[in-house]
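2 protein chains.
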Amino acid sequence: MTAFNPVTPALLDQLAQIVGAGGISTAQADLDLHAKDQSQHAAHPAEVVIWPSSAQQVADVLKLANTHAIPVTPWGVGTGLEGNSIPLYGGILLSFERMNQIVEVHADDFQVTVQPGIGHKDLNAALARYGLFFPPDPGANASVGGMLANNAAGIRTVKYGASKDNVLKMQVALADGRLIHVGSRSVKQSAGYDLLHLFVGSEGTLGVITEATLKLVPVPQHMSAVVAGFPSIQSAVETVVAVRGSGLDPAALELVDAAHARMLNSVDGVDLPETPVLFMEFHAAQESGLAAGLEMVQQICEEMGATSFKSTTDTAERKRLWHARHHSYEIMVRMHPDKTFFINDVAVPISAYPELIAYVEQLRDTRGITCYMIGHAGDGNIHVEFPYADEAGHALAMEINGLIVMKALELGGTCTGEHGVGIGKAKYLPAEHGEGLDVMRTIKQALDPNGILNPGKVLVEA
Amino acid sequence: MTAFNPVTPALLDQLAQIVGAGGISTAQADLDLHAKDQSQHAAHPAEVVIWPSSAQQVADVLKLANTHAIPVTPWGVGTGLEGNSIPLYGGILLSFERMNQIVEVHADDFQVTVQPGIGHKDLNAALARYGLFFPPDPGANASVGGMLANNAAGIRTVKYGASKDNVLKMQVALADGRLIHVGSRSVKQSAGYDLLHLFVGSEGTLGVITEATLKLVPVPQHMSAVVAGFPSIQSAVETVVAVRGSGLDPAALELVDAAHARMLNSVDGVDLPETPVLFMEFHAAQESGLAAGLEMVQQICEEMGATSFKSTTDTAERKRLWHARHHSYEIMVRMHPDKTFFINDVAVPISAYPELIAYVEQLRDTRGITCYMIGHAGDGNIHVEFPYADEAGHALAMEINGLIVMKALELGGTCTGEHGVGIGKAKYLPAEHGEGLDVMRTIKQALDPNGILNPGKVLVEA
Numbered sequence: 001m002t003a004f005n006p007v008t009p010a011l012l013d014q015l016a017q018i019v020g021a022g023g024i025s026t027a028q029a030d031l032d033l034h035a036k037d038q039s040q041h042a043a044h045p046a047e048v049v050i051w052p053s054s055a056q057q058v059a060d061v062l063k064l065a066n067t068h069a070i071p072v073t074p075w076g077v078g079t080g081l082e083g084n085s086i087p088l089y090g091g092i093l094l095s096f097e098r099m100n101q102i103v104e105v106h107a108d109d110f111q112v113t114v115q116p117g118i119g120h121k122d123l124n125a126a127l128a129r130y131g132l133f134f135p136p137d138p139g140a141n142a143s144v145g146g147m148l149a150n151n152a153a154g155i156r157t158v159k160y161g162a163s164k165d166n167v168l169k170m171q172v173a174l175a176d177g178r179l180i181h182v183g184s185r186s187v188k189q190s191a192g193y194d195l196l197h198l199f200v201g202s203e204g205t206l207g208v209i210t211e212a213t214l215k216l217v218p219v220p221q222h223m224s225a226v227v228a229g230f231p232s233i234q235s236a237v238e239t240v241v242a243v244r245g246s247g248l249d250p251a252a253l254e255l256v257d258a259a260h261a262r263m264l265n266s267v268d269g270v271d272l273p274e275t276p277v278l279f280m281e282f283h284a285a286q287e288s289g290l291a292a293g294l295e296m297v298q299q300i301c302e303e304m305g306a307t308s309f310k311s312t313t314d315t316a317e318r319k320r321l322w323h324a325r326h327h328s329y330e331i332m333v334r335m336h337p338d339k340t341f342f343i344n345d346v347a348v349p350i351s352a353y354p355e356l357i358a359y360v361e362q363l364r365d366t367r368g369i370t371c372y373m374i375g376h377a378g379d380g381n382i383h384v385e386f387p388y389a390d391e392a393g394h395a396l397a398m399e400i401n402g403l404i405v406m407k408a409l410e411l412g413g414t415c416t417g418e419h420g421v422g423i424g425k426a427k428y429l430p431a432e433h434g435e436g437l438d439v440m441r442t443i444k445q446a447l448d449p450n451g452i453l454n455p456g457k458v459l460v461e462a
Numbered sequence: 001m002t003a004f005n006p007v008t009p010a011l012l013d014q015l016a017q018i019v020g021a022g023g024i025s026t027a028q029a030d031l032d033l034h035a036k037d038q039s040q041h042a043a044h045p046a047e048v049v050i051w052p053s054s055a056q057q058v059a060d061v062l063k064l065a066n067t068h069a070i071p072v073t074p075w076g077v078g079t080g081l082e083g084n085s086i087p088l089y090g091g092i093l094l095s096f097e098r099m100n101q102i103v104e105v106h107a108d109d110f111q112v113t114v115q116p117g118i119g120h121k122d123l124n125a126a127l128a129r130y131g132l133f134f135p136p137d138p139g140a141n142a143s144v145g146g147m148l149a150n151n152a153a154g155i156r157t158v159k160y161g162a163s164k165d166n167v168l169k170m171q172v173a174l175a176d177g178r179l180i181h182v183g184s185r186s187v188k189q190s191a192g193y194d195l196l197h198l199f200v201g202s203e204g205t206l207g208v209i210t211e212a213t214l215k216l217v218p219v220p221q222h223m224s225a226v227v228a229g230f231p232s233i234q235s236a237v238e239t240v241v242a243v244r245g246s247g248l249d250p251a252a253l254e255l256v257d258a259a260h261a262r263m264l265n266s267v268d269g270v271d272l273p274e275t276p277v278l279f280m281e282f283h284a285a286q287e288s289g290l291a292a293g294l295e296m297v298q299q300i301c302e303e304m305g306a307t308s309f310k311s312t313t314d315t316a317e318r319k320r321l322w323h324a325r326h327h328s329y330e331i332m333v334r335m336h337p338d339k340t341f342f343i344n345d346v347a348v349p350i351s352a353y354p355e356l357i358a359y360v361e362q363l364r365d366t367r368g369i370t371c372y373m374i375g376h377a378g379d380g381n382i383h384v385e386f387p388y389a390d391e392a393g394h395a396l397a398m399e400i401n402g403l404i405v406m407k408a409l410e411l412g413g414t415c416t417g418e419h420g421v422g423i424g425k426a427k428y429l430p431a432e433h434g435e436g437l438d439v440m441r442t443i444k445q446a447l448d449p450n451g452i453l454n455p456g457k458v459l460v461e462a
């Protein structure tokens, strides 16, 4: 990595000329507010925070930073879970807070063009009147730009795909200040290299997303919910495979382990079986299709030995059934008031899911660590949540996380299903990608030769 | 582009050592058999045809070719439509005919790992006993490697996506002989740059696919078909938008124009309305869902002014209804025994589809050219088919094609929805990608500095 230069007063003047005096700050409060995301990684402040208001300003800032070898870290709303937007080398923090507008709704095309700073929940609220929505939902009200940069996913990915599957076109500012577009508003395109997906998931290390056209989906007219308990993780996961094999196309297929279910039950109004639990959701255009589907799901669950089964097509009842899952993180945090949480994120082919889960249970029992499992089972994705109180607890969680990651890789999986690499997962990429990692380095070198874009993330010197 | 060297007798010896004496030929018959695809582009022979039998052999051939600056062109089965696999600069033709095996069926994961030379129809025949299939279907029995290299799509893409959406992991041989893997068998992965999608659709110009793990889908238990006639293209396309907006999730949504419908009707047993016609197919896990869906489709078609409507859930009747669409190309060729065909391939956002179609109709009428339109309307993709008899006819078809491409780009679309760039579309990439094309060149230069991989395709010197 090249040595970076400090942000000098002369450079601050030039930056202020680009974004205007109101779009730049070196106040400690602003630096502190953009020094840390929601992960356990240590805070690190930038030297200056900049709020661009246009793609051209972003490009101009990058060009200047590139010329002077100043690091630039893009920032959505700071809900990342792997330190993805911590300005580890100082320099410029590029906040997209003011680039948060809907540029155009293409309702007939089921598309919307947005600026990157818009929160996906805010976007969906605005899209409701068109009967359309942007399906990826990582939980927090993450910015769309951040979701694309990290290829965020979430609960509905089993049906609708991850962020990468729900974007058609982007405008990207390159390190040298070029503004390019990648992809097309045409849903089909075989016209050259897929640069769109090269920039999606690159966490701002290859270019900075300044605009995106997203795929939208009609809001489902009818939805149903299922909550079913199982005697073992094995039988729960066999049910996941069977439900997917049936062609039922679930919109969510979530697993909570027995420990987590017990913990959630300590909250008023939650009444889960204290066994491994599957939460499911189905979407349909016709109510009749929904009812037939629920019968089929119940039959599959019973064949797989389900010890409890509740289902509904009623909206209020559906929300009640899903309440514990949707609020599981808040409930867990509330139940551990004196703890910090580390959330692991690995994914494996679904057939390897039982072995992965059994391995985590074995680690938990033999190492005597408290942890909870909650996962997007339909995608083979699990989050192991570790509450810890001190340095030793953190170190143990990190050690166990490393073991789980290596197990996931051994099972043909990945070190991160949806949180991205950021700071925390960079050390596992050699094991996951082998010589493919050298190709990633070649591309990084070609597109950002001075290494100014989000340094210290994704690709880290060995 | 660097100057290439000829394939010398000494080099033939070295190649024979890699693939064995039975895996190499310079016989004119073999060169001729691999000199042309199904496009209108002129044949050009390689200097030697090689049939590798393993990924390592492919890598070793590339390493040797790279050292000696010999062009290498990968070949699946030659069903391309843009000259994608014509060895334009001679050198080595790398045929995957003998690398056509299923490596492993991961039935519980709905995945299969294959060698690139397997035909997708052969693959699906072998997968039938697992109740699974690989959905992209470009018509011909294209090789999976060729489909991935060109990001082929086809009739079912509106529901199941293009080739790029149905692949999880690949092994790729690089120009310098490194063998890497890209992607993961985990359906979710946010671990660094998406190299998988960089190689998919790169038409063998960045690396050569030597193995692929594909996503599979359960074979639908129940299918229905609809054939509906409309008073205008406009009303047909409004129906497409309405059907998609209803949440019905069609598995196919195809348009045939009135001229094409009239032409198809000249064949025994075909009885289409001689108007713009929509062909639809729906897949469902339960029969009841299907029936309710058909009622909804009929209602939408009637609201949009359909002048005829036929639907069925019966398998034989469905096949009969779709017969004309599935055999449209053969029928067209048979009806024009003395003509060659050029098939255009552009796609636009669906809202721009009526304007694109109206433009083609206007060109047809004002320029007095015979052409037929058939398209994947659900994706905004149209193929204009031009029969021609001589040089002048070919030149006119090319001119009209150029106008249609520029119109598609003006409407926010692409010069190629599913056929790839190959030779024919390279000249339109500057208009489609602008400075993004320079980024593609940068990546090509970084990964294939000697330009040996499929030269003359995708990126062509200005």
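Protein sequences, first through last, are from chains B and L. No gaps in the numbering here: position 284 of the first sequence is 284 in this note's numbering, and each next residue is one more. No gaps in the numbering here: position 292 of the second sequence is 292 in this note's numbering, and each next residue is one more. All residues carry an ideal CB built from backbone N, CA and C; glycine is no exception.
Subject >> Residue range of the unbroken beta strand (DSSP E) whose run includes Gly-183 (chain B) >> reply: Taking the first sequence and counting its residues from 1, the one referred to as residue 183 (chain B) is at position 183. Per DSSP, the continuous beta strand (DSSP E) segment holding Gly-183 (chain B) begins and ends at 179-183.
Original post:
Which residues in chain C sit within 9 Å of Leu-195 (chain L), going by Cβ to Cβ distance?
Top reply: Within the model displayed, chain C is absent; protein chains B and L are what it includes.
Original post:
Given that Glu-418 (chain L) touches chain B, what residues does it touch there, using C-beta distances under 8 Å?
Top reply: On the second sequence, position 418 is the one that residue 418 (chain L) refers to. What Glu-418 (chain L) touches in chain B: Lys-188 and Ser-190.
Original post:
Of the choices B:Glu-287, B:Asn-141, B:Gly-145 and B:Thr-210, whose alpha-carbon is the least far from that of Ala-173 (chain B)?
Top reply: Numbered from 1 along the first sequence, position 173 holds the residue referred to as residue 173 (chain B). Selected option, being the one with the closest Cα: B:Thr-210.
Original post:
Looking at Leu-253 (chain B) and Met-280 (chain B), is the spacing between their C-beta atoms short of 8 Å?
Top reply: The count along the first sequence starts at 1 and reaches residue 280 (chain B) at position 280. The count along the first sequence starts at 1 and reaches residue 253 (chain B) at position 253. Result yes, Cβ atoms of Met-280 (chain B) and Leu-253 (chain B) sit closer than 8 Å.
Subject >> Close Cβ partners of Ala-46 (chain L) (< 8 Å) along its chain, the five nearest in sequence each way excluded >> reply: To locate residue 46 (chain L), count along the second sequence from 1; it is residue 46. Leu-31, His-34, Ala-35, Thr-73, Pro-87, Gly-90, Gly-91, Ile-92 and Leu-93.
Original post:
What does Gly-76 (chain B) touch in chain L if you count any residue whose Cβ is under 7 Å from its own?
Top reply: Residue mapping note: residue 76 (chain B) aligns to position 76 of the first sequence, counting from 1. Below the 7 Å Cβ cutoff, chain L contributes no neighbours of Gly-76 (chain B), its closest Cβ being approximately 15 Å away.
**OP:** Report the neighbours of Asp-365 (chain B) on chain L: residues whose CB is nearer than 7 Å to its CB, in chain order.
**Re:** Residue 365 (chain B) sits at position 365 when you count from the first residue of the first sequence. Going along chain L, no residue has its Cβ under 7 Å from Asp-365 (chain B), so there is no contact; the nearest lies around 25 Å.
Original post:
Measuring CA to CA, which of L:Asn-381, L:Ala-284 and L:Thr-213 is closest to Gly-245 (chain B)?
Top reply: Residue mapping note: residue 245 (chain B) aligns to position 245 of the first sequence, counting from 1. Nearest Cα to Gly-245 (chain B) within the set L:Asn-381, L:Ala-284 and L:Thr-213: L:Ala-284.
Original post:
From L:Ala-306, L:Glu-432 and L:Ala-43, pick the residue whose C-alpha is nearest to that of Ile-233 (chain L); which is it?
Top reply: Mapped onto the second sequence, residue 233 (chain L) falls at position 233. When the alpha-carbon of Ile-233 (chain L) is set against those of L:Ala-306, L:Glu-432 and L:Ala-43, the nearest one is in L:Ala-306.
**OP:** Return helix, strand or coil for Trp-322 (chain L), following the three-state DSSP convention.
**Re:** The residue labelled residue 322 (chain L) in the question sits at position 322 within the second sequence. Helix.
**OP:** Kindly indicate which three-state DSSP category Thr-340 (chain L) falls into: helix, strand or coil?
**Re:** On the second sequence, position 340 is the one that residue 340 (chain L) refers to. Reduced to three states, the DSSP call for Thr-340 (chain L) is strand.
**OP:** Out of B:Ala-3, B:Leu-62, B:Gln-38 and B:Ile-357, state which residue places its alpha-carbon closest to the alpha-carbon of Arg-178 (chain B).
**Re:** Walking along the first sequence from the start, residue 178 (chain B) turns up at place 178. From the listed residues B:Ala-3, B:Leu-62, B:Gln-38 and B:Ile-357, the smallest Cα separation to Arg-178 (chain B) is found for B:Leu-62.
Original post:
Can you give the Cα-Cα distance for Asn-381 (chain L) and Val-460 (chain B), rounded to whole angstroms?
Top reply: Looking up residue 381 (chain L) in the second sequence gives position 381. Looking up residue 460 (chain B) in the first sequence gives position 460. Approximately 42 Å, taken between the alpha carbons.
Subject >> Ala-225 (chain L) in three-state terms, based on DSSP >> reply: Translated into positions along the second sequence, residue 225 (chain L) becomes position 225. In the three-state scheme derived from DSSP, where H, G and I count as helix and E and B as strand, Ala-225 (chain L) is classed as strand.
**OP:** Please classify Leu-403 (chain B): is it buried, with 16 or more other beta-carbons within 10 angstroms of its beta-carbon, or exposed?
**Re:** For this step, residue 403 (chain B) is matched to residue 403 along the first sequence. Here Leu-403 (chain B) is exposed, its C-beta having fewer than 16 other C-beta atoms within 10 Å.
**OP:** Could you tell me whether any Cβ in chain L is nearer than 8 Å to the Cβ of Val-182 (chain B)?
**Re:** Working through the first sequence from its first residue, we reach residue 182 (chain B) at position 182. Yes, Val-182 (chain B) lies at the interface with chain L (some Cβ there is under 8 Å from its Cβ).
Original post:
With a CB to CB cut of under 8 Å and the five nearest residues on each side skipped, what residues in its chain are close to Thr-315 (chain B)?
Top reply: Position 315 of the first sequence, counting from 1, holds the residue named residue 315 (chain B). Here the set comprises Met-223.
Original post:
From L:Ala-446, L:Pro-6, L:Thr-239 and L:Val-458, pick the residue whose C-alpha is nearest to that of Gly-378 (chain L); which is it?
Top reply: For the purposes of this step, residue 378 (chain L) is taken as residue 378 along the second sequence, with counting starting at 1. Here the closest residue by C-alpha is L:Thr-239.
**OP:** Could you tell me whether the Cβ atoms of Gln-171 (chain B) and Ala-65 (chain B) are closer together than 8 Å?
**Re:** Within the first sequence, the letter at position 171 stands for residue 171 (chain B). Within the first sequence, the letter at position 65 stands for residue 65 (chain B). Against a cut-off of 8 Å, the Cβ pair of Ala-65 (chain B) and Gln-171 (chain B) comes out as no contact.
Original post:
Taking Cβ-Cβ distances shorter than 8 Å, what residues in chain B pair up with His-383 (chain L)?
Top reply: The residue given as residue 383 (chain L) occupies position 383 in the second sequence. Those do not exist, as His-383 (chain L) stays about 12 Å from chain B at its closest Cβ, beyond 8 Å.
**OP:** Could you spell out where the alpha helix (DSSP H) holding Leu-15 (chain L) opens and where it closes?
**Re:** Start at 1 with the first residue of the second sequence, and residue 15 (chain L) comes out as number 15. It spans 9-19 - the alpha helix (DSSP H) in which Leu-15 (chain L) sits, taken as one unbroken run.
Subject >> Under 8 Å between C-beta atoms of Gln-111 (chain B) and Leu-168 (chain B) >> reply: If you number the first sequence from 1, residue 111 (chain B) lands on position 111. If you number the first sequence from 1, residue 168 (chain B) lands on position 168. Yes, they are a contact pair.
Original post:
Is it the case that the Cβ atoms of Leu-348 (chain L) and Glu-82 (chain L) are separated by a distance below 8 Å?
Top reply: Taking the first residue of the second sequence as 1, we reach residue 348 (chain L) at position 348. Taking the first residue of the second sequence as 1, we reach residue 82 (chain L) at position 82. Inspection of the sequence shows that residue 348 (chain L) is occupied by Val rather than by Leu. Cβ distance not < 8 Å, so Val-348 (chain L) and Glu-82 (chain L) don't count as in contact.
Subject >> For Val-19 (chain B) and Gln-57 (chain B), believed in contact at Cβ under 8 Å, the rounded distance >> reply: Numbered from 1 along the first sequence, position 57 holds the residue referred to as residue 57 (chain B). Numbered from 1 along the first sequence, position 19 holds the residue referred to as residue 19 (chain B). Indeed, because the Cβ distance is near 5 Å, the residues count as touching under 8 Å.
**OP:** Please classify Val-167 (chain L): does DSSP put it in a helix, a strand, or coil?
**Re:** What you label residue 167 (chain L) is simply residue 167 of the second sequence in a count that begins at 1. In the three-state scheme derived from DSSP, where H, G and I count as helix and E and B as strand, Val-167 (chain L) is classed as strand.
Original post:
Of all Cβ atoms in chain B, is any one closer than 8 Å to the Cβ of Ala-162 (chain L)?
Top reply: Taking the first residue of the second sequence as 1, we reach residue 162 (chain L) at position 162. Interface residue, yes.
Original post:
Which residues in chain L sit within 8 Å of Gly-289 (chain B), going by Cβ to Cβ distance?
Top reply: Numbered from its first residue, the first sequence carries residue 289 (chain B) at position 289. The contacting residues are Ala-284, Gln-286, Ser-288, Gly-289, Ala-292 and Gly-293.
Subject >> Cβ-Cβ distance between Val-48 (chain B) and Val-7 (chain B) below 8 Å >> reply: The residue you call residue 48 (chain B) lines up with position 48 of the first sequence. The residue you call residue 7 (chain B) lines up with position 7 of the first sequence. Yes.
Original post:
Taking a cut of 8 Å between CB atoms, which residues from the segment 89-115 of chain L lie near chain B?
Top reply: Taking 8 Å as the cut-off between beta carbons, the residues of the segment 89-115 of chain L near chain B are His-106, Asp-108, Asp-109, Phe-110 and Gln-111, in sequence order.
Subject >> Per-residue contacts from Lys-407 (chain L) into chain B (C-beta, under 9 Å) >> reply: As a position in the second sequence, residue 407 (chain L) is number 407, starting the count at 1. Simply none; closest approach about 13 Å.
Original post:
Is it true that the CB of Gly-412 (chain B) sits closer than 8 Å to the CB of Ser-186 (chain L)?
Top reply: Taking the first residue of the second sequence as position 1, residue 186 (chain L) is located at position 186. Taking the first residue of the first sequence as position 1, residue 412 (chain B) is located at position 412. In this structure, Gly-412 (chain B) lies closer than 8 Å to Ser-186 (chain L) by Cβ.
Original post:
Would you call the CB atoms of Val-217 (chain B) and Leu-132 (chain B) closer than 8 Å?
Top reply: As a first step, residue 217 (chain B) must be located in the first sequence, where it is residue number 217. As a first step, residue 132 (chain B) must be located in the first sequence, where it is residue number 132. In this structure, the beta-carbon distance from Val-217 (chain B) to Leu-132 (chain B) falls below 8 Å.
Original post:
Closer than 9 Å, Cβ to any Cβ of chain L: which residues of the segment 295-313 of chain B, in chain order?
Top reply: Per Cβ criterion, the list reads Glu-295 and Met-296.
Subject >> Cross-chain neighbours of Thr-414 (chain B) in chain L, by beta carbon under 8 Å >> reply: As a working mapping, residue 414 (chain B) is identified with position 414 in the first sequence. Here the neighbours are Ser-184, Ser-186, Lys-188, Gln-189, Ser-190 and Ala-191.
Original post:
Looking only at C-alpha atoms, which of L:Thr-414, L:Val-333 and L:Asp-271 sits nearest to Tyr-388 (chain L)?
Top reply: Here the question's residue 388 (chain L) lines up with position 388 in the second sequence. Shortest Cα-Cα distance from Tyr-388 (chain L) to any of L:Thr-414, L:Val-333 and L:Asp-271 involves L:Val-333.
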